[in-house]
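With the working numbering, the residue at position 12 of the sequence shown is 74, and numbering never jumps. Written out below as structure tokens is the structure these notes cover.
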Amino acid sequence: MKKLSFFFVFCRLVSWSQDLPKQKTLLLEEVTILEKNYGFKKVGLYDEEEAKSYSIKGFSQLSIFDNDFSDEVWSTKNTSCIKLNLKEDEKDKFLSVKWNKDQDGCDWVGMGFGWDMWAGKDMNFVKDTLAMELEVRAIGKSFTNIPWAFCFEDYSGAQAWLGYNKSFLLANEITSNWTKVRIPFSLFPFEENNFDLFNVKQLMVQVFGEGSIEINSIKLVPNSTKLRSEVTCLKVNKKIELGKNENWNIAVANSFGSGHSFATLYTKDSLFIAVKVIDATPQVNSEKDEKLWNGDAIEIAFSTNPQADPKRKSFLLSDQHLGINCGATPYVWDWKENKRMEKVKFVYSKTADGYFLELAIPVTELFKTKLLPEAAYGFEIAVDLSGDDGKRSRQERWNSIYAEGFHLSPSKWGTLICE
């Protein structure tokens, strides 16, 4: 069988991983316990005390796999699908993983780590503090994409899945030298899956395509990544006319998705947003009104209350969700009021590689408030892209990159900072 490239497999994974929270709980039938070692290991007099004393906010169960062969590691039973070997060279002990899912009898292929000897871990109080860090290296040719999906499982059987993204890689590529992959723990969709963070059982990994990799360690480390993206919104003390590109010379551009970008400005009464979308087949959207998301479209969610709790799970009266149908006849839709927004003005134009949209939202007139300088507001923007059938094939979001649901939960929004 011809070996699939990592790039092709990863593209399939990104599309699939958007629906991960909707998956049913994965039931494992046959697994092989690779290592179950309850024996003694040689340590220094104070090694164990020092290891136990290290913690992050009091959480000390940080080592998921630390190459000392003492943790339980399991994998799919069929070794023609995946094979795990604990190896040792002159410098390191490590786990060698080789897999090939693209063959008969390999419906679900993966492995798991019952770290801390399968003890239940209370991680609720550190979910926003930790990141999972893998130290890996290539066997042979270098690459950037690992066709894997990661899952934490609790003792009730609830699972929270997250697909790999190359933005997790702390280097340009994975080479024959040890390279770190760091995934913020808070990106896993725990709440959407009723996950019990007070009783975490194990880490599972599902693999796709064909490949090989070596793992030196998997551990939990302090998360240094900002939990929310931020966009700077500059104030303009003069009238802004849509369609004049010089308006945006002073604005701060923000990139997201597959090459899209946006910028924001505000005046005493209005919020202005410019969006450049990369789309090989623009203006494909035959849906009407509230269904406009199912084709080429832009969605914008924001708050007009800087005091609103950024972790809230439902909309307040001050939260807004607008959509722009970017088909042949564009218009603006307000999902909260369930009507078209005639007072929101826009200019739409096709470009060589997609389209450009400028939007003027009269905040004072519509929402009876003003945007305040030196204030921070919840904000999210998303691009809906149509597929070959004319319906939405994917959605690319600015802040909530890995988890859908920003239209329901402002906790998934980033932050717009007015200056």
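The beta carbon of each residue, even a glycine, is placed where N, CA and C say it ideally should be.
Item	Value
Since Tyr417 sits in a beta bridge, which residues does DSSP pair it with?	Val339 and Lys412
Which residues in the same chain have their Cβ closer than 7 Å to the Cβ of Phe250, if we skip the five residues on either side of it in sequence?	Phe214, Ala222 and Leu224
In its own chain, which residues sit with a C-beta less than 7 Å from the C-beta of Ser279, not counting the 5 before and 5 after it?	Phe127, Asp128, Asn129 and Glu197
Please specify which runs of the beta strand (DSSP E), each continuous and at least 3 residues long, are wholly inside the stretch 166 to 221, giving them in chain order.	172 to 176, 192 to 199 and 210 to 216
Could you name the residues of the same chain whose beta carbon sits closer than 8 Å to that of His383, not counting the 5 residues immediately before and after it, in chain order?	Glu361, Ile362, Ala363, Phe377, Asp396, Trp397, Lys398 and His469
Distance, Cα to Cα, Asn207 vs Thr426?	46 Å
Buried or exposed: where does Trp180 fall if 16 or more other Cβ atoms within 10 Å of its Cβ makes it buried?	exposed
For a test of the three-state rule: what should DSSP assign to Pro424, helix, strand or coil?	coil
Could one say the Cβ of Ser204 lies closer than 8 Å to chain B's Cβ atoms, at least one of them?	Looking for chain B here will not work: only one protein chain is present.
How far does the beta strand (DSSP E) with Thr326 in it extend, from its first residue to its last?	His322 to Tyr328
The beta strand (DSSP E) with Phe364 in it runs from where to where?	Ala359 to Ser365
Give the single residue among Trp170, Asp446, Glu134 and Val406 whose Cα lies nearest to the Cα of Thr343.	Asp446
Please work out which residues of its chain come closer than 7 Å, Cβ to Cβ, to Val269, disregarding the five sequence neighbours upstream and downstream, and give them in chain order.	Ile144, Trp161, Lys163, Val171, Gly172, Pro209 and Trp210
Which word fits Phe260, buried or exposed, when buried means at least 16 other C-beta atoms lie within 10 angstroms of its C-beta?	exposed
So, Lys297 versus Pro435, is the Cβ gap smaller than 8 Å?	yes
Residues in the same chain with beta-carbon distance under 7 Å from Cys266, minus the five sequence neighbours each way, listed in chain order, please.	For the sequence presented, residue 266 should be read as Met rather than Cys. If we look at Met266 and ignore the five residues flanking it on each side, its Cβ neighbours are Gly172, Gly174, Cys213 and Glu215.
Quick check on Glu303: does DSSP put it in helix, strand or coil?	coil
May I have the straight-line CA-CA distance separating Asp341 from Asn367, to the nearest angstrom?	33 Å
Using beta-carbon positions only, say whether Cys295 and Glu152 come within less than 8 Å of one another.	no
Please name the residue, chosen from Val346, Asn255, Glu276 and Leu192, that lies closest to Phe205 on a Cα-to-Cα basis.	Glu276
Comparing alpha-carbon positions, which option in Ala325, Ala193 and Pro392 lies nearest Leu232?	Ala193
Of the residues Gly476, Phe334, Gly440 and Phe418, which one's Cα is nearest the Cα of Lys407?	Phe334
Does the beta-carbon of Asp358 have 16 or more other beta-carbons within 10 angstroms, so that it is buried, or is it exposed?	buried
Could you check what DSSP says for Ser291 in three-state terms: helix, strand or coil?	coil
Along the chain, where does the beta strand (DSSP E) containing Asp446 start, and where does it finish?	Ala438 to Ser448
Could you pull out every residue in the same chain whose Cβ sits closer than 6 Å to the Cβ of Gly416, ignoring the five residues on either side in sequence?	Val339, Ile340, Asp341 and Pro344
Does DSSP put Asp351 in a helix, in a strand, or in coil?	helix
Helix, strand or coil for Glu458, going by three-state DSSP, please let me know.	strand
Whole-angstrom Cβ separation of Lys189 and Ser248, contact assumed at under 8 Å?	6 Å
Counting along the chain, where does the beta strand (DSSP E) carrying Asn387 start and finish?	Asp381 to Asn387
What does a CB cutoff of less than 6 Å around Ala390 pick up in its chain, not counting 5 residues either side in sequence?	Gln345
Just grab the DSSP bridge partners of Trp397 for me.	Paired residues: none, contrary to the question.
May I ask you to report which of helix, strand or coil DSSP gives Lys373?	coil
Run through DSSP, which three-state label would Leu14 get?	In the structure displayed, the chain extends from 63 to 481; residue 14 sits before or after that span and is not available.
By Cβ distance, which residues of its chain are closer than 7 Å to Ser348, with the 5 residues on each side in sequence left out?	Gly357, Gly389 and Gly452
Put Ser473 into one of helix, strand or coil per three-state DSSP.	helix
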